[in-house]
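A.B. asks: Letter by letter, the sequence shown follows residues 284 to 473 in our numbering.
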Amino acid sequence: MAMAGKDIFEKVKPLIGLINSVFSVLPRFLFSVTWPLLELVPWRLGIALRYLWAKRLAKACGDNVVFETGVRVTFWEEIELGSNVSIFETCYLDGKGGIRIGDNVSIAHQCSLISFDFDISDPGTPMKYSPMRKKPIIIGDDCMIFSGVRIFAGAELASRTVIAANAVVKAGRYASGLYAGLPAVRKKAV
Numbered sequence: 284m285a286m287a288g289k290d291i292f293e294k295v296k297p298l299i300g301l302i303n304s305v306f307s308v309l310p311r312f313l314f315s316v317t318w319p320l321l322e323l324v325p326w327r328l329g330i331a332l333r334y335l336w337a338k339r340l341a342k343a344c345g346d347n348v349v350f351e352t353g354v355r356v357t358f359w360e361e362i363e364l365g366s367n368v369s370i371f372e373t374c375y376l377d378g379k380g381g382i383r384i385g386d387n388v389s390i391a392h393q394c395s396l397i398s399f400d401f402d403i404s405d406p407g408t409p410m411k412y413s414p415m416r417k418k419p420i421i422i423g424d425d426c427m428i429f430s431g432v433r434i435f436a437g438a439e440l441a442s443r444t445v446i447a448a449n450a451v452v453k454a455g456r457y458a459s460g461l462y463a464g465l466p467a468v469r470k471k472a473v
């Protein structure tokens, strides 16, 4: 029987701790400018390197956090990651307004989390120059977000929430359940 990722992580945790100790004395900007290179490194080597970089870059990063290839992250300093989090290929996380992801969360490929929007209420201001509004995205524990989902600023997902593929999650509070659609609406309890 193959070992689960969290079991492998536990076996190598002492080594990871040692490497993190060494990395903690290096300037943060080195990790920031080299992250795009790591986006393309495949297999377990890439997963291990991206985890070490995330530990150094994120506001908080738990154990066994997996970033698959092609994950783009901005404003790391506003991103908090729990333990046993998986973020799959070609996701985009913009942490400008803050992103907090709980424990045991899976985010499937090609999802976007955008934690800011624009106040376009003033007709005298071109929309392109409208003031930015930063609003955190909060994803509770034990959530599953399927492929192609868009989660926008101000969305707060309770624990044990499932977002179906290609759904659009607008600002608001989402109780535990299965959500689908454009915009996402609750379909049933889980």
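Note that the Cβ used here is the ideal one computed from N, Cα and C, for glycine as well.
Since we're looking at a predicted model, the values are computed, not measured.
Check this for me: beta carbons of L461 and V452, under 8 Å apart or not?
C.D. replies: For this step, residue 461 is matched to residue 178 along the sequence shown. For this step, residue 452 is matched to residue 169 along the sequence shown. Contact: no.
A.B. asks: Got a sec, what are the start and stop residues for the beta strand (DSSP E) Y334 sits in?
C.D. replies: Start at 1 with the first residue of the sequence shown, and residue 334 comes out as number 51. No beta strand (DSSP E) contains Y334, which is instead part of the alpha helix (DSSP H) from W326 to L340.
A.B. asks: State the Cα-Cα distance for the pair K342 and V316, rounded to the nearest angstrom.
C.D. replies: Taking the first residue of the sequence shown as 1, we reach residue 342 at position 59. Taking the first residue of the sequence shown as 1, we reach residue 316 at position 33. Answer to the nearest angstrom: the Cα atoms are 17 Å apart.
A.B. asks: Three or more C-beta pairs under 8 Å: does that hold for the region 422-439 against the region 383-402?
C.D. replies: Verdict: yes, contact present.
A.B. asks: Which residue or residues does DSSP assign as beta-bridge partners of T357?
C.D. replies: Position 74 of the sequence shown, counted from the first residue, corresponds to residue 357. Paired residue(s): D377.
A.B. asks: So for I370, helix, strand or coil by DSSP?
C.D. replies: Position 87 of the sequence shown, counting from 1, holds the residue named residue 370. Correct three-state label for I370: strand.
A.B. asks: Excluding the five sequence neighbours on either side, which residues of its own chain have a C-beta within less than 7 Å of the C-beta of P325, listed in chain order?
C.D. replies: On the sequence shown, residue 325 is found 42 positions in, with the first residue counted as 1. T352.
A.B. asks: According to DSSP, simplified to helix, strand and coil, what is S395?
C.D. replies: For the purposes of this step, residue 395 is identified with residue 112 of the sequence shown, where counting begins at 1. Strand, per DSSP.
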